[in-house]
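Positions 310 to 1164 (the numbering used here) are the ones given, in order, by the sequence shown. These notes are about the structure you will find just below.
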Amino acid sequence: MRFGSLARRSRRTQNIVVGFVVMLLVTSCAVTPLLVRSLERAMVTARVSALPPAGRQIQLSSGLLPAAGRPTPQQLQDALPAALQRLGPAPVQEERVETSARNGTNVILSAMVGSCQHLRLTQGRCPSKAGEVILSPEAARYLNTRVGARVAAPGPNGADVTLVGLFQQPDTGGYWAGQNVHSVQRISGRDGVPVPTVYAFTAGATFPRDVNSPATSESRLAVMLDPSKMTPTSLRQAVTGIAQLNALAGSGKLNATVFEPITQVNSQVHHDLDQVGVIVPLMMVQLLILLAIMLWLVLRSYVDRRRPELALARIRGQQVDGARRGVIAELALPVIVGAVAGVVLAYAADWLVRALWLPSGTPGGWSGWAFAAAGAGLLLVAVEVLLSLRPALRSPVTELMRAVPARVSGLRLRPFELVAALLALVLAVLVATKSLSGVVALLSPLFVAIVFAVVIAAVLPVLASRWINRSLRRGGTRSALTAAQLGRRPATRLVLVALVVACAMTVFTADVVARSSANHGDRAAVETGAVSRIDANSTSILPPTASVLKAVSEVDPSHRTFTPVVEVRSPSPDGPLTMGVIPDDMARIAATGGQDPVPWDKLKSQAGAAAPAIVAGWSTPSNSNEFTAPSLGFTDGTYRTVATVPFLPEAQQHGFVTDLTRLMQGGDRTDNVTTSVLATTDDPAQLGRMTQALKAVGYDQIDVRTAAQQRRIYDQSASGWGLQLGLFVALISTLIGVLALVAVLAASSRERRADLRALREAGVPQKTLRGATILEQVVLTVSGVALGAIAGIIGTHIAGPLIPWFAEPPDFPVTQTSVDWAVSVGVVVALLVALGLAGLIAGLLVSRREGAAGA
């Protein structure tokens, strides 16, 4: 009765293990199309969200035309395809014209539908008649006018307009698409000289409708894109709609120019999908192969446990087909349950990814491809079931009567194992020699792991035999029993293969995830320049350079947290960019991006007429050691290179740094000059105090950016999300390693009891038998983890340069592709602890059960 109960429990456990592995395999198949779909939807949303407000709109413009040839805003809207109108809120219609006030101020006279609803009136009323306008208080002061008075600026009909109200602009987002209509701005005129510009809003009646009127104005229509309404389907429809608009404009049927970001977003999303097509197979194909190996291990153990039953069926005259049908019928329930659970788990995993990693609101839904992929996974399971039965069904009855298949002396290497090892070795060599690229090249860690696993599994019997002989000569009974158990059971070889591949994948994926995170952080820090960056500008005349120094010193007298940076640009975009910095401050505050510290002290040199400069090797300002570049004076200054580093903070093209104090001695020009403040903190309170200090000295356009915000952009990209799947792969790989250890012990428990019973009857102490069982698990775990770690590290070294770390790679050399040794060692230690504990606990349970059975 007791043995029958144990047999039923063992069979139930095996069925659970089979169903669990089938579930994981089907999940890895079904989740791949689900993840690709979710990533595609998230990428569309992220790409649209990343657009600046002014660029996140589809705009139709007629240009300046008389009424006779100018389409009205309503006509523009009528020509807009429905697919484009659905991409955001209601289109905004506008008529506008630029006119010049008599004091030289440029006035943008605009009739935007709904403008009054998006402004806060502080005095007067909204314009309702032709020639009536509203201004911001700042614009009214600049034009020297008041409510009720005429504004010295003509309208489209040539008559001066009348001010009927004042407004405040609550924000620049949404309806305003980033436009600041409240402040007086300096916008470059036709001759390139900045001209003060103000906005004046009027009624639509201000613009002439008479086709005989010579007055010119511009009709506009704008659709602000809503990221939540952008999906892959709506993007494809939008591309078609843009093509229709361009065809209308090109044929002359629509007298308008189309400005749109759809083409750019579509191109970017296609590039992202190409990356996803590389990264997802990189992760999921390796996991699928590992699960296929694990399923083979479980099925072989399942069939081996039924060898006596198959022999009995053959003795009773049952044909091979009947025996096959009996085992398949027994496996049908766990396989079907596992497959159904796998599909459910795939949708749960997709939901979890969308909830934790992807932008909020990324939609899910049913996918026919997911069910097709699950069917392909189930087909793989069926093939493995049939192949696992072939050796047992073809064996003679006398061979099936053995609890364990007869041991083959020497190397054990079946033909398919030899082919797999040679193929993997050839592919790994081709990748290492850069003769192979693409998705196959990124699977090199798997190739290396397969070579290692097959070779060690083949030589295991030989090593075990030598270990036994050596241990017996030295009187080591426990050691000899450990070697015998390792070399005798075929399942041990498969467990070792699964452990090596699982550990290799865990080390590789963990290293890739860690390296990706470090690369994103380094690039964000370098491009920001420090932890935070405050760009300071002015809509009117830029304050003197000394103003930014004054603001920094008031908030942070010791410059421990903040430091000023002054940039002087060349008239040509390809010319040098001079960055004036304070060397001692930069040594404390500037980001390094993982490179050796910049030798800031070399900028303190006062020798020679040329100012010292540190240049970036990736984009030097000149090929000469001594060169000319912009200064704060009216003529270019002379600089000499005192050091060359891989890259500098902010990573500006053709940029170099020099001492700010010496730069300021050359003059105080304000054209082509920008100022910023770098900070070691992203605390909103401290950044707020610095912002207020900058406003107090005359900077009224402040933009605060942090490295964390910039890093989020890289994390929320195709490469970022794709590589984060490595966490899921690493977790499943570790789970498979634990399952492999437990499965082989559970599958061989009956044979172990028989073996240990015989050894106890021969006089071997129970303590020695328990120690041999535990030592077997320790050796198996340590060897599997060690070989897997070596394979994973070699694979990382080969595949690292081929991995798409960024959606758009940086121009400067900040990307690190080498092995992160700290992470690799930490993962190896964690694997040793996790798998070691699993093996130790399983070994103790088995040895105690065997001891109890023997008693």
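Glycine is no exception: its CB is placed at the ideal position from the N, C-alpha and C atoms.
Beta-carbon proximity of residue i to residue j, cut-off 8 Å
{"i": "residue 1025", "j": "residue 355", "result": "yes"}
{"i": "residue 456", "j": "residue 475", "result": "yes"}
{"i": "residue 1107", "j": "residue 999", "result": "no"}
{"i": "residue 410", "j": "residue 461", "result": "yes"}
{"i": "residue 816", "j": "residue 1045", "result": "no"}
{"i": "residue 907", "j": "residue 972", "result": "no"}
{"i": "residue 464", "j": "residue 362", "result": "no"}
{"i": "residue 1039", "j": "residue 757", "result": "no"}
{"i": "residue 334", "j": "residue 604", "result": "yes"}
{"i": "residue 405", "j": "residue 526", "result": "yes"}
{"i": "residue 916", "j": "residue 1027", "result": "no"}
{"i": "residue 515", "j": "residue 439", "result": "yes"}
{"i": "residue 517", "j": "residue 376", "result": "yes"}
{"i": "residue 820", "j": "residue 903", "result": "no"}
Of the residues the options, the one placed nearest residue i, counting alpha carbons only
{"i": "residue 535", "options": "493, 461, 367, 689", "result": "367"}
{"i": "residue 967", "options": "697, 543, 362, 940", "result": "940"}
{"i": "residue 589", "options": "337, 678, 896, 468", "result": "337"}
{"i": "residue 1142", "options": "1109, 1087, 1116", "result": "1087"}
{"i": "residue 829", "options": "803, 911, 986, 1017", "result": "1017"}
{"i": "residue 388", "options": "494, 552, 489", "result": "552"}
{"i": "residue 565", "options": "595, 543, 580, 528", "result": "528"}
{"i": "residue 508", "options": "477, 993, 586, 826", "result": "477"}
{"i": "residue 1049", "options": "1128, 917, 818, 810", "result": "810"}
{"i": "residue 484", "options": "530, 666, 453", "result": "530"}
{"i": "residue 587", "options": "458, 665, 752, 490", "result": "752"}
{"i": "residue 667", "options": "341, 556, 1030", "result": "1030"}
{"i": "residue 593", "options": "985, 345, 1117, 1130", "result": "345"}
{"i": "residue 365", "options": "386, 918, 875, 574", "result": "574"}
{"i": "residue 609", "options": "567, 697, 673", "result": "697"}
{"i": "residue 453", "options": "432, 804, 386, 412", "result": "412"}
{"i": "residue 381", "options": "470, 396, 403", "result": "403"}
Residues near residue i by beta carbon distance below 7 Å, same chain, minus five either side
{"i": "residue 670", "result": "537"}
{"i": "residue 870", "result": "988, 989, 990, 995"}
{"i": "residue 877", "result": "887, 939, 940, 941, 981, 982"}
{"i": "residue 449", "result": "455, 472, 475"}
{"i": "residue 836", "result": "959, 960, 1019"}
{"i": "residue 840", "result": "988, 989, 990, 991, 1015, 1016"}
{"i": "residue 654", "result": "332, 336"}
DSSP-derived helix/strand/coil call for residue i
{"i": "residue 1112", "result": "coil"}
{"i": "residue 453", "result": "coil"}
{"i": "residue 360", "result": "coil"}
{"i": "residue 575", "result": "helix"}
{"i": "residue 652", "result": "helix"}
{"i": "residue 484", "result": "helix"}
{"i": "residue 584", "result": "helix"}
{"i": "residue 540", "result": "coil"}
{"i": "residue 905", "result": "coil"}
{"i": "residue 495", "result": "strand"}
{"i": "residue 478", "result": "coil"}
{"i": "residue 529", "result": "strand"}
{"i": "residue 783", "result": "coil"}
{"i": "residue 1008", "result": "coil"}
{"i": "residue 469", "result": "strand"}
{"i": "residue 1094", "result": "helix"}
{"i": "residue 557", "result": "helix"}
Contact set for residue i: own chain, Cβ-Cβ below 6 Å, skip 5 residues either direction
{"i": "residue 1145", "result": "1090"}
{"i": "residue 328", "result": "643, 646, 647"}
{"i": "residue 962", "result": "928"}
{"i": "residue 506", "result": "415, 494, 496"}
{"i": "residue 321", "result": "none"}
{"i": "residue 1164", "result": "With a pLDDT of only 46 at residue 1164, under 50, the local geometry of the prediction cannot be trusted, and the value read off the model is given with reservation. Counting only Cβ-Cβ distances below 6 Å, and skipping sequence neighbours, we find nothing."}
{"i": "residue 652", "result": "339, 683"}
{"i": "residue 818", "result": "1035, 1038, 1039"}
Close Cβ partners of residue i (< 8 Å) along its chain, the five nearest in sequence each way excluded
{"i": "residue 392", "result": "543, 546, 547, 549, 550"}
{"i": "residue 862", "result": "868"}
{"i": "residue 675", "result": "none"}
**Request:** Tell me the start and end of each unbroken alpha helix (DSSP H) in the segment 937-996 that is at least 4 residues and wholly inside, in chain order.
**Result:** 969-973
**Asked** In the segment 390-437, which residue ranges form an unbroken beta strand (DSSP E) of at least 3 residues, counting only runs that do not cross its ends?
**Response** 401-409, 415-421, 429-433
**Request:** Could I get the ranges of all uninterrupted beta strand (DSSP E) runs contained in the segment 842-929, with 3 residues as the minimum, in chain order?
**Result:** 871-878, 886-890, 920-925
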